[in-house]
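Colleague: In the numbering used here, the protein residues as written are 60 to 112. Starting off with a structure, shown below.
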């Protein structure tokens, strides 16, 4: 049987302000899906924090 969901893209939004934390929670629950972030807004994040993720 084929998987329906293979990839999930998550971006920062007004309701989910930190997509990296949300993706980490998703990754903790699965081993078969791939995750990617949309564009991270650089004006709300320190470049060192982006590099650390």
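All C-beta atoms in this analysis are idealised placements derived from N, C-alpha and C, irrespective of residue type, glycine included.
Taking DSSP as the reference, what is the three-state secondary structure of residue 109?
Modeller: Helix at residue 109.
Colleague: Quick check: residue 66 and residue 92, are their CB atoms within less than 9 Å of each other?
Modeller: Yes, Cβ-Cβ distance for residue 66 and residue 92 is below 9 Å.
Colleague: For the alpha helix (DSSP H) containing residue 92, name the first residue and the last one.
Modeller: Note, residue 92: premise wrong, no alpha helix (DSSP H); not H, not E.
Colleague: Less than 9 Å between the C-beta atoms of residue 99 and residue 80, yes or no?
Modeller: No, these two residues do not count as a Cβ contact at 9 Å.
Colleague: Here's a check: name, in chain order, each residue in its chain whose Cβ is nearer than 8 Å to the Cβ of residue 105, leaving out the five neighbours to either side.
Modeller: none
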